[in-house]
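Structure record follows, encoded as structure tokens.
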Amino acid sequence: MSGIWVVIEERDGRASRISLEAIAAGQKLAALTGLAVNAVVIGAQTEPLAAEVAAKALGKVVRTEHPLLAAYTADGFTLALQQFIEAERPDYVVFPHTYQVRDYAPKLAARLGQVLIGDVTGFAEGPVFVRQLMQGRLNGSYRHSGNGPCFVSVQAGAFRADEAQAGTAAISDFVPAIEPAQIRTKPSERFRGAAQTVDLGSAQMIVGVGRGIKDPANIPIAQELATALGAELGASRPICDNGWLPMERQIGSSGQTISPKLYLAVGISGAIQHLVGIKGSQCVVAINKDPDAPIFEVADYGIVGDLMEVVPALTEALKAAKQ
Amino acid sequence: MLAFTATLAEPQHFSLVEKLLLVVLVAASAAAFWRRFGVVLDKILKSKKDPSFHLFPIGKRVWDFVCEVLFQTKVIRQRPLPGLAHAFVFWGFCAFVLVTLNHFAAGLGLGFLNPASFFGRFYTYFAAVFALACAVGIFGLFVRRFLVRPKWLGKKLSWESGFIAFLIFLLMVTYLASFFVADADPATRVLWWVHTLTLLTFLPIIPHTKHLHLILSPATVFLSRGGFSQIPPLVGDEDFGLIAGTDLTRLATLQAYSCVECGRCTEHCPAANTGKLLNPKEIILGLRGYLNDLGPASEEPLLGKYNAQEAAFQCTTCGACEFQCPVGIEHLPIIVGLRRGAVNTGAWEDEYGSKLFLALERGANAHGLPASERDKFIEKIGLPIFDGTQEYCLWLGCMGGYDPKGREIIADFARVMNFLGTSFGVLRKEKCCGDPVRRLGNDLVFQQLAEANLETFEQNKAKKIVSICPHCVRTIQEDWKEFGTPPQVEHHSEFLARHTDKLPKQANGETIVFHDPCYLGRYRNVYEQPRSVVALAGELVEAPRNHERSFCCGAGGGLVFLGEETGERVSHVRAAELVATGAKTVGTACPFCNSMFRDALAEKGEGAPQLLDIAQLTARGLPERGAS
Amino acid sequence: MKIIVAIKQVPERDAQVRIDAAGKWIEESGLQYALNESDAYALEEALQLKEKHGGEVVVLTAGPERVGPTIREALAKGADRAIHIDCADLGSRDALGVAKLLAAAVKPENPDLVLTGLQSDDLGQGQTGVILAELLGLPHSSLILHVEKTDTGLTVKRELEEGWFRTIELPTPAVLTIQSGGNKLRYATLMGIKRAKTKEVRTVTAAELAVDSAPVAVLERVALPQKQKSTQILPGNPKEAAAALVEKLKFEARVL
């Protein structure tokens, strides 16, 4: 069997950051198992992607190219990788845990009589793969049993892309055999949700403004923070009642329920009507000058201070980090 | 010509023609009366029975009947001047029973009351006093309806009411005038016939108008369901609430036909007073219209042409309507019944309502927050866990367990109990008592919650519960009875009131306006206990609408969990009233009232009164935190 | 349309997590169970399709006897009948093993559409539906928010990362895994529960389905994560605190 193979996913013509994290993970797994680590890129135009990935410390980079792989389909990618794996017979196949991978990797594994150990957050001796259970309240250690390749996908952020060591790899080609009739789904071009209406319910990042803002003239400060984050602007009820922000931006029991990756509560005290609206947030940050404000009870991170100073400082820090 | 004769004049001789005419007219009037009354009676009897109705214990029924019907207590107390006027009219009618019987008997030559005899003179004078009071009363009511035109009587002028007022006035006037003529006078005969014709015109009109209450309301008051906002259990597998006419029970039909359209219910309704569609009087009249047009055997939906679903879901269940009704109509079982019909069948599609039901289907509290939040709170302030050895089980509830302000109230109440040396503990697990889903009509979720909680109490052997929330107290004590035997439960104001002698008195002269919670005042009749606690902390001030007239904060009936209100916000209206008293502090005894007023008062800015629960008012007077 | 909805009963979302004596799973005594959240959305999607196009909605679930109330809840919400794969050792099978059980029960039904939730609230693997499609030889798509029936099959709306979406056309029969939030869920009603009493629940044992169950991915042990959730207050002047926050958000919370 031929070692560890990392499957690379492209984003805007380059390797996605999570793919680079998967390479870092693959390299760690290689160190753990003593196996060689390689990469496979898949698509219709894989030359630039392969060139980028070949600059990492990998043994080989294989380009699996076929015109029918131009747009992602589960059938196409599964067929291509199935043939590659049957030819190459890897010990481990490491994927980045993306929506795309979730759509085909389980199918691919099942076709080969295997099961994907998905969304892994770490490795341990064995190797044993750790993943989260019960919505993050429990960690489970998984081991692969039996013969055949072990399929693993790694969680975004579990490994650091900047830890993927540089090097040089040899690039080669693999041509899969795919017939048009084998591709049963027809994807269209991707599109954004309705831009005109404010849909806080599906926003991934939200900055919420509360009574601590004191004056509608101060709202632009929060808006700048939101822009720097790429976030939507929301508000607690009193702000909307005063007309400082439209009602559709209200977050809370009588407004919208949100479930973003990140919620920044600025000058919000944390009345229960607001708290029930934000409980689905993955990460809550609170900025308030009252250290006893109830919002701090539910926040992951908090800054006790005057928002008029903290928010601009945060905006600056975010802009600096982007560079 | 007309001279006071000191004796009631009666025509002395009626010809055979006159007697025959009288008989025919009486028969015709009675037939016309029955033609309509029989239909109404039939609709009542054809409605399905109330299986949860129990005539016994009969003591309260008799007492209520004596007070409310015979002595007109509620009629007078809640609307003094018009109430007194009405009382005179009613007492006049009562006094006139013998007079009227004698009047007709005399027409057949069988008069049994001799106006010249001692008893006759006494009785006719007695009746005359009432006749005068009645005439003045009915005249005053006429002026009120047609000149003053209070909005609670409705926009449309009721000519039928005017006509009947005229008839009653005529009856009294013809009676009184008979003291000013002699038996032999031709005028006497005229008066007699006018009086007779008036009566015989009045009789058949009764069942066609709201004056049906003359006959029905004594029965309605006597046959009440037996409790306040008494929601009957559903019966069998096909009963989902009030969906169609076939679901209306005899009590509901009787009540619908008893409505006098006085508008007292609407006058005190928080929804009707803030621009909502809901008008309790129209709910009852809508039922009546349905029964008139379609009857109790109809499958047509009750919510549709005759009543709007939107209106039914604007009710905070504050109970002002049911409390005010002088003829014994119980609005709340009807409104909740209509809601049940919509919710138990899934016909009510409301985003927030669905969210609430889904949260309670799977979770422990109405906010949809994880139960671990309550555990964290208990641990943080070090509340003891109930283990069967403590005297009280302190019920946190959804507000006490999860709402920041509710938690402050719990923390302060715990301090007070520790100061008093009362042992208590909290349950490890609580589910929502079910009040919001009970009032919104979701019997599935309510049953699940009640049964789960009853089992928890059973396992923990909790015998005495104390709670900071009147909704929990009411639901636990009354509504859970349908599914088991609830433990004894009281509100923290009742507990504190028993210990006022041991609690420090704060001499600061701070004015505190106390807001009576609906579920503590009207529902539980607890008014003075929280006041005795407030008096410890400062100077009690009453809001203009206080005690049983307290104006709802707007949270009840599950409404706090639903979306935006239309019209003015009930909480803001009440908050403005409380602020206008000029008191420095608003005192509450319910965490929902507290929550509703918090936003409303905060909008007032810097000069707003502070908002404190009675537990907080008490705790601030305790010596500084020592060993607890 | 004949739609099969595969549902799972999972521990309640805010159930207390304690490790059992063997250290291989959580302590189940005292746990409350509920219908998996994304499965509720799958059921809702199926019921809406039935309301629009007619047909039948069959719920399918594998698990021990305690899944009964969850089956009844699904029937109460409007499913027509249920198939219960009585299986006491679900936890010892991996995703492939469970999908094999489901496939064996689905095959004889010949449905037009199979829906599953995106992932379960307990294991959170998100694979069963995709594997099921492979075992049944059917086309599939995952993370679906909306399903529409067309003359040639289905048009579905799939969620992508970062606020993007994609429309996909596929033929029936097909398998879809449904993402939470696409529809407003209906609540269980008293009327539904009463009607559910007369709906068919067919039980078949895992043994009868005769699929092999030796797992490929073995859950060896479970442990509580080291870091419990607590609030980190970042000290310092606004500039320092802001910088510290950005650092935390990037590398600890990993949301930037």
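Protein chains in written order, with the working numbering: chain A, 1 to 323; chain B, 1 to 628; chain C, 1 to 256. For each residue, glycine too, the CB sits at the ideal point set by N, CA and C. All of these numbers come straight from a predicted model, not from anything done at the bench.
Are any of the Cβ atoms in chain B nearer than 9 Å to that of A/Val276?
-> yes
Outcome for A/Phe1 when other beta-carbon atoms lying within 10 angstroms are tallied against a minimum of 16 = At residue 1 of chain A the sequence reads Met, which differs from the Phe that was named. Under this definition A/Met1 is an exposed residue.
Contact with chain A by B/Glu349, beta-carbon distance below 9 Å = No, because no Cβ of chain A sits closer than 9 Å to the Cβ of B/Glu349.
Could you name the residues of the same chain whose beta carbon sits closer than 8 Å to that of A/Gly3, not counting the 5 residues immediately before and after it, in chain order?
-> Ala30, Leu35, Ala36, Val37, Asn38, Gly59, Pro90, Asp91 and Tyr92
Tell me which same chain residues have a C-beta within less than 6 Å of the C-beta of B/Ser628, skipping the five on either side of it?
-> Note that B/Ser628 scores a pLDDT of 42, beneath 50, so its modelled location is shaky and nothing firm can be said.
Could you name the residues that DSSP lists as bridge partners for B/Met172?
-> Note: B/Met172 sits in no beta bridge, so no partner.
According to DSSP, residues forming a beta bridge with C/Ile144 = Bridge partners of C/Ile144: C/Arg158 and C/Ile178.
Determine which residues of the region 258-285 of chain A have a Cβ less than 9 Å from any Cβ of chain B, and write them out in chain order.
-> Ser269, Gly270, Ala271, Ile272, Gln273, Leu275, Val276 and Lys279
Quick one: give me the first and last residue of the beta strand (DSSP E) that B/Asp613 is part of.
-> Gln610 to Asp613
Less than 9 Å separating the beta-carbons of B/Gly556 and B/Phe597?
-> no
Please go through the same chain and pick out, in chain order, the residues whose beta-carbon is closer than 6 Å to the beta-carbon of B/Val513, but skip the five residues on each side of it.
-> Val541, Ala543, Leu578, Thr581, Ala583 and Val586
Chain C residues whose Cβ lies nearer than 8 Å to that of B/Gly630 = As shown, chain B starts at 1 and ends at 628. That puts residue 630 of chain B outside it, with no answer to give.
Would you tell me roughly how many angstroms separate the C-alpha atoms of A/Phe296 and C/Thr231, rounded to the nearest one?
-> Distance between the alpha carbons of A/Phe296 and C/Thr231: 7 Å.
What residues match up with C/Ile71 in a beta bridge as DSSP calls it?
-> In the DSSP output, where bridge partners are listed per residue, C/Ile71 has none listed.
Which partner residues of C/Tyr33 appear in the DSSP bridge assignment?
-> C/Pro11
State the DSSP-derived secondary structure class of A/Ser153, mapped to helix, strand or coil.
-> strand
Is A/Phe159 helix, strand or coil when you go by DSSP?
-> coil
Could you list which residues in chain A have their beta carbon closer than 7 Å to that of B/His367, in chain order?
-> Per Cβ cutoff of 7 Å: Ile272 and Val276.
Identify the contact partners of A/Ser254 in chain B, using a Cβ-Cβ distance below 7 Å as the criterion.
-> Gly563 and Glu564
Kindly say whether B/Gly554, judged by its beta-carbon, lies nearer than 9 Å to any beta-carbon of chain A.
-> No, because no Cβ of chain A sits closer than 9 Å to the Cβ of B/Gly554.
Sequence-distant residues of its chain with Cβ nearer than 8 Å to B/Gly626 (five each side left out) | Note that B/Gly626 has pLDDT 48, beneath the 50 cutoff, so the model's placement of it is unreliable and the number below is only indicative. Nothing listed; no residue qualifies.
Answer with yes or no whether the minimum CB distance from C/Ser141 to chain A is below 9 Å.
-> yes
Round the Cβ separation of A/Gly230 and A/Val266 to the nearest angstrom and send it over; I've been treating them as touching at under 8 Å.
-> In fact, because the Cβ distance is near 16 Å, the residues do not count as touching under 8 Å.
If we ignore side chains and look at the alpha-carbon of each, how far apart do B/Arg428 and B/Asp375 end up?
-> Distance between the alpha carbons of B/Arg428 and B/Asp375: 8 Å.
Tell me whether the beta-carbon of B/His208 lies closer than 9 Å to the beta-carbon of B/Val260.
-> Using a Cβ distance threshold of 9 Å, B/His208 and B/Val260 do not count as a contacting pair.
Are the region 370-386 of chain B and the region 244-258 of chain A in contact at 8 Å, needing three or more beta carbon pairs?
-> Three or more Cβ pairs closer than 8 Å define a contact, and the region 370-386 of chain B falls short of that threshold against the region 244-258 of chain A.
Which chain C residues sit within Cβ distance under 8 Å of B/Pro370?
-> Arg13 and Asp14
Kindly identify the DSSP beta-bridge partner or partners of A/Asp215.
-> DSSP, once it has assigned bridges, lists no residue as partnering A/Asp215.
For chain A, is any of its Cβ atoms less than 9 Å away from the one on B/Gly406?
-> Nearest CB-CB separation between B/Gly406 and chain A: below the 9 Å threshold.
Roughly how many angstroms lie between the CA atoms of B/Phe118 and B/Thr124, to the nearest whole one?
-> 10 Å
Residues of the region 290-306 of chain A with Cβ closer than 9 Å to any Cβ of chain C, in chain order = Pro291, Phe296, Glu297, Val298, Ala299, Asp300, Tyr301, Gly302, Ile303, Val304, Gly305 and Asp306
Buried versus exposed, by CB contacts within 10 Å (16 or more), B/Asp387 | exposed
Between the Cα of B/Ala699 and the Cα atoms of B/Arg549, B/Ser550, B/Lys604 and B/Gly563, which residue gives the shortest distance?
-> For residue 699 of chain B there is no data in the structure shown, the boundaries of chain B being 1 and 628.
Report yes if the CB atom of A/Val115 is closer than 9 Å to the CB atom of C/Ala217, and no otherwise.
-> Taking C-beta atoms as the reference points, A/Val115 and C/Ala217 count as a pair closer than 9 Å.
Just curious, the alpha helix (DSSP H) that B/Thr511 is in, first and last residue?
-> Looking at the DSSP string, B/Thr511 is not in any alpha helix (DSSP H); the run it does join, the beta strand (DSSP E), is Thr511 to Phe514.
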